[in-house]
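J.: Counting from 123, one number per residue, gives the positions in the sequence shown under this note's numbering.
Before I ask anything, here is the structure I am working with.
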Amino acid sequence: MKKSNINISFNNERGSLDVASDYCDNVKDERQVNTLQGTTAQVKNVNEPRQVAMQLNESVLRVTTEPRTTSNVWIRLTQHKWSIIAFVCGVILALVIVVPVIVSKSSPTKNDDQGGYLFSLKFDRESTHSSLFLSDDNTVLGNSFTKETPNPVNHPKQLNNYKGTIGDRCLTSTSKIYFEIKFSYKILGWINSTDLVLEVGVASREKLDNPGLVGNHGWSFYFGNCNTSICLKSTYGTTTNYEKVKIISSSNTAGTVTTGRLGFFINMDRNEFSVIDKDSSKILSTFTKVVSAHQLCLAFGFFNHYYLETKLEIMYSFDFTNLPIINVVA
């Protein structure tokens, strides 16, 4: 009895399992059919919201991309900040160093070519009086020992009476030379009405070594006392034949310091010697009939060493001998 009951219950359970499996198979078949029908029927409806969603996603993507791009740029700038700083510093250094150098090369200097007309006019060291001092390159002449003029002069051919020197290049019958002088002087004590300061002139080398002005036996422009001022004068031939050209300083008292520039042009084709005002770029005065039986040289003289501290510097010079020019204003 127990055995048969067990078999009956087992068979019943087995039958129940068979029925359940059949039911599951039917459910799977129906689910597959419904799924196929549902997908085919809803493809059109599903695609439409998907397109809308894609469009929304694209707009959202555009909105979110822009701040992310800015953020990425900022991150990259932060990562490379030292390289950027180094580059900016390099640009600033280039502007500070290179540009001024380029600008300075565009102005007349001693080293410019200026179309091949530039030449290096200097003071002649061998001719310089022993009371004067020169720079290392012989372009600055002073009557006192300074940082700019540290070299005393002692040479067998030097001038003994005229307290000055000559240019290291004398003139020919066709010379057309322009040069510019920077002058400075300081009045150390009281000077009288006849005291002289400095001069730039033209004279023959044979007559140059005499006391006093070169203009006494040549042609010169010189600074002298003019009552209450220091003025530029011109003279030639004698001490009384002079002309007042320009006021250089309105004061002639102790402590007065004056600096400035003058240009000079010598045109031996026309036998002329001119002084040019650098402030107005005008010719102040011109000597004519600058003629000599001997070769003419440029002369530079200092006076009254005890009352004046004086300095001359040749800024630049040009040789226009091969140009068909009459006069120069620079």
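The beta carbon of each residue, even a glycine, is placed where N, CA and C say it ideally should be.
What you are looking at is a predicted structure, and each value in this text was computed from that prediction instead of being measured.
(1) From this set, Asn265, Arg247, Ser252 and Phe267, which residue's C-alpha is nearest aspartate 259's C-alpha?
(2) Is glycine 359 helix, strand or coil when you go by DSSP?
(3) Go through its chain and collect everything with a Cβ distance to asparagine 338's Cβ below 8 Å, but skip five positions before and after it.
(4) For the stretch 410-419 against the stretch 257-275, do three or more pairs of beta-carbon atoms, one drawn from each stretch, fall closer than 8 Å, so that the two count as touching?
(5) Just reading off the alpha helix (DSSP H) that arginine 327 is part of, what are its end residues?
(6) Flag this pair as yes or no: are the beta carbons of leucine 335 and phenylalanine 345 separated by less than 8 Å?
(7) Return the CA-CA distance between leucine 263 and lysine 304, expressed in angstroms with no decimal places.
(8) On the CB-based measure, 16 or more other CB atoms within 10 Å of its CB, does threonine 157 come out buried or exposed?
(9) Can you look up asparagine 444 in the DSSP assignment and give me helix, strand or coil?
(10) For glycine 382, I'd like the list of residues in its chain whose CB is within less than 7 Å of its CB, leaving aside the five on either flank, ordered along the chain.
(11) I need the straight-line Cα distance from glycine 385 to threonine 287, nearest angstrom please.
(12) In whole angstroms, give me the CA-to-CA distance for aspartate 399 and phenylalanine 387.
(13) Would you please state the rounded distance, in angstroms, between the beta carbons of phenylalanine 442 and leucine 240? I believe it to be under 8 Å.
(14) Could you give the distance in angstroms between the alpha-carbon of asparagine 276 and the alpha-carbon of serine 253?
(15) Would you say tyrosine 284 and histidine 251 are within 8 Å of each other, going by their C-beta atoms?
(16) Roughly how many angstroms lie between the CA atoms of leucine 281 and leucine 420, to the nearest whole one?
(17) Since phenylalanine 424 is in the beta strand (DSSP E), which residue starts that stretch and which ends it?
(18) For lysine 304, list the residues DSSP reports as bridge partners.
(19) What is the DSSP secondary structure of isoleucine 206, reduced to helix, strand or coil?
(20) According to DSSP, simplified to helix, strand and coil, what is valine 223?
(21) For asparagine 233, I'd like the list of residues in its chain whose CB is within less than 6 Å of its CB, leaving aside the five on either flank, ordered along the chain.
(22) List the residues that DSSP assigns as beta-bridge partners of valine 262.
(23) Could you spell out the range, first to last residue, of the beta strand (DSSP E) harbouring phenylalanine 395?
(24) Just the Cα atoms here: how many angstroms apart are glycine 423 and asparagine 363?
(25) With distances taken Cα to Cα, identify the nearest neighbour of threonine 432 among Ala325, Asn273, Ile207 and Leu320.
(26) Please report the residue range of the beta strand (DSSP E) in which isoleucine 369 lies.
(27) In angstroms, rounded to a whole number, what distance separates the CA positions of valine 454 and proline 274?
(28) Identify the continuous beta strand (DSSP E) that holds cysteine 453 and give its terminal residues.
(29) Measuring straight from C-alpha to C-alpha, what distance separates lysine 298 and glycine 289?
T.: Working from what's here:
(1) Counting from one through the sequence shown, the residue named residue 259 turns up at place 137. For the residues Asn265, Arg247, Ser252 and Phe267, the minimum Cα distance to aspartate 259 belongs to Arg247.
(2) Within the sequence shown, the letter at position 237 stands for residue 359. Three-state result, glycine 359: coil.
(3) Within the sequence shown, numbered from 1, the residue matching residue 338 stands at position 216. Closer than 8 Å at Cβ, skipping near neighbours: Asn332, Thr357, Gly359, Thr360 and Thr361.
(4) no
(5) Taking the sequence shown and counting its residues from 1, the one referred to as residue 327 is at position 205. Start and end: 327-330.
(6) Sequence index remark: in the sequence shown, residue 335 carries index 213 (1-based). Sequence index remark: in the sequence shown, residue 345 carries index 223 (1-based). Contact flag unset, no.
(7) In the sequence shown, the residue the question calls residue 263 occupies position 141. In the sequence shown, the residue the question calls residue 304 occupies position 182. So the two alpha carbons sit approximately 11 Å from each other.
(8) Your numbering for residue 157 matches position 35 in the sequence shown. Because the pLDDT of threonine 157 is 42, which lies under 50, any placement of that residue in the model is unreliable, and the number read from its coordinates should be weighed accordingly. Threonine 157 is exposed by the Cβ-count criterion.
(9) Within the sequence shown, numbered from 1, the residue matching residue 444 stands at position 322. Of the three classes helix, strand and coil, the one that applies to asparagine 444 here is coil, per DSSP.
(10) Taking the first residue of the sequence shown as 1, we reach residue 382 at position 260. These residues qualify, in order along the chain: Phe305 and Ile370.
(11) As a working mapping, residue 385 is identified with position 263 in the sequence shown. As a working mapping, residue 287 is identified with position 165 in the sequence shown. Cα-Cα distance, rounded: 18 Å.
(12) Against the sequence shown, residue 399 aligns to sequence position 277. Against the sequence shown, residue 387 aligns to sequence position 265. Each residue's Cα considered, the two are about 11 Å apart.
(13) Locating residue 442 in the sequence shown gives position 320, where the first residue counts as 1. Locating residue 240 in the sequence shown gives position 118, where the first residue counts as 1. Incorrect: roughly 11 Å between the Cβ atoms, too far for contact.
(14) Residue 276 sits at position 154 when you count from the first residue of the sequence shown. Residue 253 sits at position 131 when you count from the first residue of the sequence shown. One C-alpha to the other measures close to 9 Å.
(15) Against the sequence shown, residue 284 aligns to sequence position 162. Against the sequence shown, residue 251 aligns to sequence position 129. A contact, by the Cβ cut-off of 8 Å.
(16) Numbered from 1 along the sequence shown, position 159 holds the residue referred to as residue 281. Numbered from 1 along the sequence shown, position 298 holds the residue referred to as residue 420. Looking at the two C-alpha atoms, the distance is approximately 14 Å.
(17) Within the sequence shown, residue 424 is the residue found at index 302, counting from 1. Annotation for phenylalanine 424: the continuous beta strand (DSSP E) segment containing it runs 418-424.
(18) For the purposes of this step, residue 304 is taken as the residue at position 182 of the sequence shown. For lysine 304, which the question treats as bridged, DSSP gives the partners Arg383 and Glu435.
(19) Taking the first residue of the sequence shown as position 1, residue 206 is located at position 84. Looking at isoleucine 206 - three-state DSSP - the assignment turns out to be helix.
(20) Counting from 1 along the sequence shown, the entry for residue 223 is found at position 101. Because the pLDDT of valine 223 is 37, which lies under 50, any placement of that residue in the model is unreliable, and the number read from its coordinates should be weighed accordingly. Three-state DSSP puts valine 223 in a helix.
(21) Your numbering for residue 233 matches position 111 in the sequence shown. Residue placement at asparagine 233 cannot be trusted, given a pLDDT of 47 that sits under 50; the coordinates are not used to answer.
(22) Translated into the one-based positions of the sequence shown, residue 262 becomes position 140. Looking at the DSSP assignment, valine 262 forms a beta bridge with Glu435.
(23) In the sequence shown, residue 395 corresponds to position 273, counting from 1. First-last of the beta strand (DSSP E) with phenylalanine 395: 394-399.
(24) The residue you call residue 423 lines up with position 301 of the sequence shown. The residue you call residue 363 lines up with position 241 of the sequence shown. Cα to Cα, the separation comes out at about 19 Å.
(25) Along the sequence shown, one-based indexing puts residue 432 at 310. When each option's Cα is compared against that of threonine 432, the closest is Leu320.
(26) In the sequence shown, the residue the question calls residue 369 occupies position 247. Isoleucine 369 -> beta strand (DSSP E) spans 364-371.
(27) As displayed, the chain neither begins before 123 nor continues past 452, which places residue 454 out of reach and without an answer.
(28) Because the chain in this structure spans residues 123 to 452, residue 453 falls outside the shown range and cannot be described.
(29) Your numbering for residue 298 matches position 176 in the sequence shown. Your numbering for residue 289 matches position 167 in the sequence shown. Separation of lysine 298 and glycine 289 (C-alpha to C-alpha, rounded to the nearest whole angstrom) is 15 Å.
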